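Here the structure is laid out as C-alpha cells; the discussion comes afterwards.
There are 2 protein chains.
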Amino acid sequence: MKALRLNALAIALGLGALLPGTTMAASDEPISVIQPPQSINIGMAELGKKLYFDPRLSKSGFISCNSCHNLSMGGTDNLPTSIGDKWQQGPINAPTVLNSSLNVAQFWDGRAADLKAQAGGPIANPGEMAFTHTLAVDVLQSIPGYVREFKMVFGKDKIDIDEVTLAIAEFEKTLVTPNARFDQWLLGKQDALSAKEKAGYALFKDSGCIACHNGEAVGGNSFQKMGVVEPYQAKSPAEGRSAVTGKDADRFNFKVPTLRNVEMTYPYFHDGAANTLTEAVDIMGRLQLGRTFSAEENANIVAFLKTLTGDQPAFTLPILPPSTDATPRPKPF
Amino acid sequence: MKALRLNALAIALGLGALLPGTTMAASDEPISVIQPPQSINIGMAELGKKLYFDPRLSKSGFISCNSCHNLSMGGTDNLPTSIGDKWQQGPINAPTVLNSSLNVAQFWDGRAADLKAQAGGPIANPGEMAFTHTLAVDVLQSIPGYVREFKMVFGKDKIDIDEVTLAIAEFEKTLVTPNARFDQWLLGKQDALSAKEKAGYALFKDSGCIACHNGEAVGGNSFQKMGVVEPYQAKSPAEGRSAVTGKDADRFNFKVPTLRNVEMTYPYFHDGAANTLTEAVDIMGRLQLGRTFSAEENANIVAFLKTLTGDQPAFTLPILPPSTDATPRPKPF
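Keeping their order, the protein sequence lines are chains A and B. Mapped onto the numbering used here, the consecutive letters of the first sequence carry residue numbers 1 to 333. Mapped onto the numbering used here, the consecutive letters of the second sequence carry residue numbers 1001 to 1333.
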C-alpha cells in the first residue's frame, strides 16, 4: 500500500505522464486487481444474507438493508438520497455496499470503523429503519428458524446485536465484484480494453484522478476535501469528516468513493447531485483538479470507468424463517 | 374439477365424516397435489423476474412488485395492509403471489381476469407504485439492456406495456410451491404427516372448511361471502366482489385465499386483521361455519395447515440493467 500511495502521488504530481504507452506489469499500476473474498465463514455469511434481506429489522417491517443497498442495482438505491421510515428523506446518498469491505472506514464521514460497526447504524436510526437494537433482537429471538441458525453459527441460545451485525458484515464481505474488464486487462488480456478505454485510463492517471481513486477499490482508502480548487455547492447539509473528528480542517472532507461498478451506482457524490458519469467527471475535473475536460476527454474517462463493472454478486434469494405467534408485529403506520 | 367440486360439496354436507380412517388414493382427496409449472417460456420468465424486482417501474424508484409480494416472505409483505408511494396506507391485505396462477381471478375482488391483467394494476395505482404505463415503458425503452432482452423475447424494437405485464405474469407462473409435506402424503408417503396433522386434516374436511378451501391451491378457486353465519367486522372498507359486478348480492364476497404456505402469509383475511393462524381458524369456524373449535381442535387444524408449506421459489437474485444518461430519473420526494 505504501508503494502504491507513493506511485499515486508521483502520478498526481505529473510524473504519470511518463507511464502511458509503456507496457507495464499489472503490479506497477496504481489500480490493482480486485480479489475475490479470501476468508469467509460461510454459515455466518448465509445467516447474514437472511438478515440483510429481512425487513423485520425495521420498525415498519418494510425496510431491509437491501432496500437502500439493493444488490440488484449495484448495491445502491439509485436515488439522490434514500427513503427512510414513513418516507423520510435521508440527508445523504447511500454508498454502495459492493466492495465496501475494502473501505478505510464506513459511511461518507467514516464514523464507523468497519462493516460490523456500520451495520448497527441504520437499524437504530430514526430516519432510516427506525427500530432499536433491543427490539430487533426481540423479533429474531421469537423466530425459531433464526434461533437455531444463530446457535449453529455462534454456539449460543441467546441472540445479541453483536452477532446480528457480525453476521451482516460477514455477508457484506462476500460482496466483492471481481473480473471487471479492467481487471482482465491488468491480468494480461490486452484486448480486454478498447483504445478509447485505454486512452481514458491514461488521462485518468495523467490528470490526477488517480491520486485519490487508486488501489483495489479505485477509491475508498482515504478522506479528501470535496471542492479543492473551487468550493462545491452541495445539496446536502452534511459536512463530512469534521462531524467525527470535531476538527474544522476536516469540514467537507468525505471518504473518496470507490469507482468499482460506478456505471451502476448513479447518481453520484455524497449528495447524489450528479445524475450521469459525464456530469460527475466534469465536476470532479473542475473542482478537484482545476481542469476542464474536453467532450472527448470526458467521454474517454467515462469509457474507462465503465470497464470497472465487475461480476455482480450471484446468489439465491434467501427465504426468511416465518414469524411465530410470539413475534412482535411491525408498526408500519 | 367437477368431480372434485362434487366431492367437496359432499364433504361440506357432512358426508366427509365417512372418509377419515379409510385409506384413500390421493386422487380421491379434495385437495390435490400441486404441480410444478408445466409450460414456461424461460426467456420471458427471466425478463419478467427482472421487471418484478425493478423499482424503476414506480414513480419513486423505490417500490417494486417484490416490495409488497416479497418472495423471501411467502410472496407477501407480512403487513396488514401495504405501504405505497409516499408511505400511503393501502386499503387491503396484499395477497400472496405464490401459486397465484391457480387463482380463478386476481385481486381479492377478482377484478383482474389473470396475472397479466393484474400486473398492470399496481404500477399505475396512485396509492401503490404511482406511475403510469407510458412512463414505465419510457424508462425501460431508455435502457439498452432491457431493449435487447425485450427484442430477444418478443422480436420487436419497441417495448409496450403488454409485453411488460406478459413477462411479469410469465415469471409469476413459475412461483408454484410443490413438495409440501401434505403433497408428499398425498403421493403416498404415509409418515409425511403426524397423527396430529392427520387429525387436523380430518377435522378440516369434516367441519366444512374444505367446501371452499379445496383443489390444488386449497382455495383461490371461488368467491365466497366473508361472514356467513355472523357478519365480519372488517377493518377494511373493501366490499369485495360487488365492486366488480355491481350486484348487491356480491357485497363482502371475496376470493377465497389459497392456504398453500399459509404459515408464511400472515396476517390473515382481506383486512389483515388476524395476526395468527389460531385466530384465523377460530374466526373462520365461528363466522363461516357456526362452529367454535376447542383449543385442541384449533391446534390440530393449525398443525395441518403448516403441512401446506411447499418448496419456496429458488432463483438467483436478478441483476438489473443500469439506467443510462437518457433514462428519466425517479421522483422519490
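Backbone N, C-alpha and C define an ideal beta-carbon position, used for all residues, glycine too. Note that the structure is a prediction, hence the values are computed from the model and not measured.
In terms of residue numbering, what span does the alpha helix (DSSP H) encompassing residue i cover?
i         : result
B/LYS1049 : 1042-1052
A/LYS198  : 195-206
B/ASN1066 : 1065-1068
A/ARG181  : 181-186
B/ALA1280 : 1277-1289
Where residue i and residue j are concerned, what is the direct C-alpha to C-alpha distance, given to the nearest angstrom?
i         : j         : result
B/ASP1250 : B/VAL1229 : 16 Å
A/GLY227  : A/VAL256  : 12 Å
A/GLY219  : A/LEU277  : 16 Å
B/THR1134 : B/PRO1126 : 14 Å
B/PRO1328 : B/VAL1139 : 6 Å
A/ASN275  : B/ASP1114 : 38 Å
A/VAL281  : A/PHE269  : 11 Å
A/THR22   : B/ARG1148 : Caution is warranted here: a pLDDT of 43 is assigned to A/THR22, below 50, making its placement in the model unreliable, and the coordinate value is therefore given only provisionally. Rounded to whole angstroms, A/THR22 to B/ARG1148 spans 38 Å at the Cα level.
A/LYS59   : B/GLY1155 : 45 Å
A/ALA8    : B/ALA1119 : Because A/ALA8 sits at a pLDDT of 41, beneath the cut-off of 50, its placement in the model cannot be relied upon, and the following sentence gives the value as read from the coordinates. Cα to Cα, A/ALA8 sits roughly 52 Å from B/ALA1119.
B/ALA1211 : B/GLN1224 : 10 Å
A/ASN300  : A/THR76   : 25 Å
B/PRO1313 : B/ARG1291 : 36 Å
B/GLY1310 : A/PHE252  : 53 Å
B/LEU1317 : A/PHE315  : 6 Å
B/ARG1338 : B/PHE1254 : An answer regarding residue 1338 of chain B cannot be provided, because it is not within the stretch 1001 to 1333 covered by chain B.
A/ASN221  : B/PHE1333 : 32 Å
A/ILE168  : A/LYS116  : 7 Å
A/GLY43   : A/ILE159  : 15 Å
B/THR1132 : B/VAL1104 : 27 Å
A/LEU193  : B/ASN1066 : 37 Å
B/GLN1141 : A/ASN78   : 18 Å
A/ILE161  : A/PHE150  : 11 Å
A/PRO144  : A/PRO321  : 8 Å
B/GLU1239 : B/PHE1062 : 30 Å
B/LEU960  : A/VAL137  : With chain B running from 1001 to 1333 in the structure shown, residue 960 of chain B is simply not present.
A/ASP376  : A/SER294  : Given a span of 1 to 333 for chain A in the structure shown, any question on residue 376 of chain A remains unanswerable.
B/ASP1248 : B/GLU1163 : 36 Å
A/PRO334  : A/LYS173  : Any answer about residue 334 of chain A is impossible in this case: the structure gives chain A only from 1 up to 333.
B/GLU1128 : B/ALA1243 : 19 Å
A/ASN41   : B/ASN1041 : 38 Å
B/ASP1157 : B/ALA1326 : 17 Å
Measuring alpha carbon to alpha carbon, tell me which of the options ends up nearest residue i.
i         : options                                       : result
A/ASP271  : A/LYS205, A/LEU289, A/PHE53 and A/ASN93       : A/ASN93
A/MET264  : B/PRO1313, B/THR1324 and B/VAL1244            : B/THR1324
B/PRO1330 : B/ASP1054, B/LEU1047, B/GLY1043 and B/GLU1163 : B/ASP1054
B/LYS1196 : B/LYS1050, B/ARG1056 and B/PHE1182            : B/PHE1182
A/LYS235  : A/LEU135, A/ASN300 and A/GLN89                : A/GLN89
B/GLN964  : B/LEU1193, B/GLY1043, B/TYR1232 and B/PHE1131 : Residue 964 of chain B falls outside the range modelled here, since chain B spans only 1001 to 1333, and no answer is possible.
B/ASN1179 : B/ILE1168, B/ILE1123, B/PRO1037 and B/PHE1293 : B/PRO1037
A/MET152  : A/PHE315, A/GLU46, A/TYR266 and A/GLY246      : A/GLU46
B/PRO1122 : B/LEU1057, B/ALA1167, B/THR1177 and B/ASP1157 : B/LEU1057
B/ARG1286 : B/SER1100, B/ASP1160, B/PRO1080 and B/SER1207 : B/SER1207
A/THR258  : A/HIS213, A/PRO321 and A/THR245               : A/HIS213
A/LEU175  : A/LEU102, A/MET284, A/PHE333 and A/LEU79      : A/LEU102
B/GLU1297 : B/PRO1322, B/PHE1204, B/GLU1239 and B/GLU1216 : B/PHE1204
A/THR245  : A/SER39, A/PRO91, A/ALA112 and A/CYS65        : A/ALA112
B/SER1064 : B/TYR1146, B/ALA1130, B/PRO1144 and B/GLU1163 : B/ALA1130
A/SER39   : A/THR81, A/ASP191, A/ASP28 and A/PHE171       : A/PHE171
B/ILE1319 : A/ALA295, A/ALA326, A/CYS209 and A/THR177     : A/THR177
A/ARG260  : A/GLU216, A/ALA295 and A/ALA273               : A/GLU216
A/PRO91   : A/GLU163, A/ASP157, A/VAL262 and A/ALA273     : A/ALA273
B/ILE1283 : B/ALA1124, B/CYS1209, B/GLU1128 and B/ASP1191 : B/CYS1209
B/PRO1080 : B/GLU1279, B/ALA1326 and B/TYR1266            : B/TYR1266
Hey, quick one: how far does the beta strand (DSSP E) through residue i stretch, first residue to last?
i         : result
B/ASN1300 : Taken as a continuous stretch (DSSP letters only), B/ASN1300 belongs to no beta strand (DSSP E), being part of the alpha helix (DSSP H) at 1295-1305.
A/ASN253  : 253-255
Can you find a CB in chain D that lies within less than 8 Å of the CB of residue i?
i       : result
A/LYS86 : No chain D is present in this structure, whose protein chains are A and B.
Practice problem: Would you be able to state if there are at least three C-beta pairs under 8 Å between the region 1104-1112 of chain B and the region 1083-1091 of chain B? | Solution: Contact between the region 1083-1091 of chain B and the region 1104-1112 of chain B is absent: fewer than 3 CB-CB pairs across the two stretches fall below 8 Å.
Exercise. Please determine if the region 1176-1193 of chain B and the region 1065-1073 of chain B are in contact, where contact requires at least 3 C-beta pairs separated by less than 8 Å.
Key: No, they do not touch.
Quiz item: Does the count of Cβ pairs from the region 25-43 of chain A and the region 1026-1039 of chain B closer than 8 Å reach three?
Solution: Flag = no, the region 25-43 of chain A and the region 1026-1039 of chain B do not touch.
Quiz item: Could you give the uninterrupted runs of the beta strand (DSSP E) lying entirely in the region 1219-1248 of chain B, keeping only those of 3 residues or more?
Solution: Here the runs fully enclosed are 1223-1225.
Practice problem: Report yes or no: do the region 299-310 of chain A and the region 197-216 of chain A share at least 3 C-beta pairs separated by less than 8 Å? | Solution: Judged by Cβ distances under 8 Å, the region 299-310 of chain A makes contact with the region 197-216 of chain A, as three or more pairs qualify.
Quiz item: What runs of the alpha helix (DSSP H), each 4 residues or longer, lie entirely inside the region 89-166 of chain A?
Solution: Unbroken alpha helix (DSSP H) stretches of 4 residues or longer found wholly inside the region 89-166 of chain A: 115-124, 133-141 and 144-154, given in chain order.
Quiz item: For the region 43-51 of chain A against the region 96-103 of chain A, are there 3 or more C-beta pairs whose distance is under 8 Å?
Solution: With contact defined as three or more Cβ pairs closer than 8 Å, the region 43-51 of chain A and the region 96-103 of chain A are not in contact.
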